[in-house]
Structure formats: C-alpha cells, structure tokens
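Each remark here refers to the structure printed beneath this line.
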Amino acid sequence: EGEEEEEEEEEEEEGEVTDAQSAYKRIYKEVVEAEDEDGRIRSDLFMKKPSKREYPHYYTVIERPICFTMIKGKIDKKAYLKKHHLFKEDFELLFQNAQVFNQAGSIVYEDSVKMQEIFTELLNQYTEEGVFSSKPPATPKGRP
Numbered sequence: 001e002g003e004e005e006e007e008e009e010e011e012e013e014e015g016e017v018t019d020a021q022s023a024y025k026r027i028y029k030e031v032v033e034a035e036d037e038d039g040r041i042r043s044d045l046f047m048k049k050p051s052k053r054e055y056p057h058y059y060t061v062i063e064r065p066i067c068f069t070m071i072k073g074k075i076d077k078k079a080y081l082k083k084h085h086l087f088k089e090d091f092e093l094l095f096q097n098a099q100v101f102n103q104a105g106s107i108v109y110e111d112s113v114k115m116q117e118i119f120t121e122l123l124n125q126y127t128e129e130g131v132f133s134s135k136p137p138a139t140p141k142g143r144p
C-alpha cells in the first residue's frame, strides 16, 4: 500500500496539474529553480529573510518581510487552498519588497522581476486552465 502512494506522488509531480495544491507546488518549484543566463539560481537571496543584524534598515523600510521558505511552509500546510488570493499576494509581496528595497538595475531587483514574470505566466496559465476554480468532489455525508 505504501509503495502505491509513493508512485502516485511521483506521477502527480511530473504529470498534468489538475488541482490547486499541485499547481502551488509546481509554480513554487519553477520560480525557485529559475536561473539566469549563466546558470545562477535567481532565488538564492530570497530563500530567507534578510539578517536584522546585517540589514537593520530593511526592517524600517519593509513592513511585511517574507521569503520563499515562508511561502513553502504555507504550501506544505495547505494554507492557500481555501484562500487562493493569499498565494498570489505572498508572491507579489516578496517581489514588491525586493523592488522597493533594491535599486532598479541591481541583481536582486532584476532577479525579482524575472521571477515575477515566471510566476505571473504560470499563475495565468493555471487560472485559464481552471485549476484554481475546480472544487474537489463532494463526499456524501449521510442523507441529502
């Protein structure tokens, strides 16, 4: 029985995305694994919040710090399933924070712009496919 479950998970990751949770995972993976022309991972500086000791000014400028690790935690806890708008808001907040704090043209700023483009493209694709509007089939609970 345990082996069958593992196979299903692998198929879900590689196969067609048909539900919101799978879409959240796929979008996260694509954005976090995005590389620049030289093969550098764009998300490296976005995985953790900036150090308060090294960047105290960041916390006076940015009201709501967020990082990819926090978003991943919410995905894993299925926190976005009933609040889809928060998925988009958290990603947009991460990109916005980077663009507010860093200068246009800087590597961090440009990385955030490129990852935002990937995010928006995938989110729009899955939205058009109806992945986020589909509801799981209702399970009968007693008499109607």
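Numbering-wise (the numbering used here), the sequence shown opens with residue 1 and increments by one.
For each residue, glycine too, the CB sits at the ideal point set by N, CA and C.
> Would you report the Cα separation of residue 70 and residue 33, rounded to the nearest angstrom?
Replying inline: 16 Å
> In whole angstroms, what separates the C-alpha of residue 116 from that of residue 127?
Replying inline: Approximately 16 Å, taken between the alpha carbons.
> Can the beta-carbon of residue 30 be found closer than 8 Å to that of residue 107?
Replying inline: no
>> Under DSSP, the alpha helix (DSSP H) around residue 132 begins and ends at which residues?
In response: Looking at the DSSP string, residue 132 is not in any alpha helix (DSSP H), and its letter there is neither H nor E.
> In chain order, what residues of the same chain lie with their CB nearer than 7 Å to the CB of residue 112, ignoring the 5 residues before and after it?
Replying inline: Result list for residue 112: 95, 98 and 99, in chain order.
> By a C-beta neighbour count over all protein chains shown, 10 Å radius and 16 as the cutoff for buried, is residue 23 buried or exposed?
Replying inline: buried
> Can you name, in chain order, every residue of its own chain whose Cβ lies under 7 Å from the Cβ of residue 75, other than the five neighbours on each side?
Replying inline: Result list for residue 75: 24, 25 and 28, in chain order.
> Under three-state DSSP, which class holds residue 3?
Replying inline: The pLDDT assigned to residue 3 is 46, lower than 50, so where the model puts this residue is not dependable; a value taken from the coordinates is nonetheless given after this. Correct three-state label for residue 3: helix.
>> I need the straight-line Cα distance from residue 80 to residue 60, nearest angstrom please.
In response: Taking the straight line joining both Cα atoms gives about 28 Å.
> To which residues does DSSP link residue 92 through a beta bridge?
Replying inline: Partner(s): none; residue 92 has no beta bridge.
> To the nearest angstrom, how far is it from the Cα of residue 104 to the Cα of residue 35?
Replying inline: 19 Å
> Exposed or buried, which one is residue 90 when buried takes at least 16 other CB atoms within 10 Å?
Replying inline: Classified as buried, residue 90 has 16 or more neighbouring CB atoms from the shown chains inside 10 Å of its CB.
> What number of angstroms, rounded off, separates the C-alpha of residue 6 from the C-alpha of residue 56?
Replying inline: With a pLDDT of 41 at residue 6, under the threshold of 50, the predicted position of this residue should be treated as unreliable, though the coordinate-derived value follows. If you draw a straight line from the Cα of residue 6 to the Cα of residue 56, it comes to about 44 Å.
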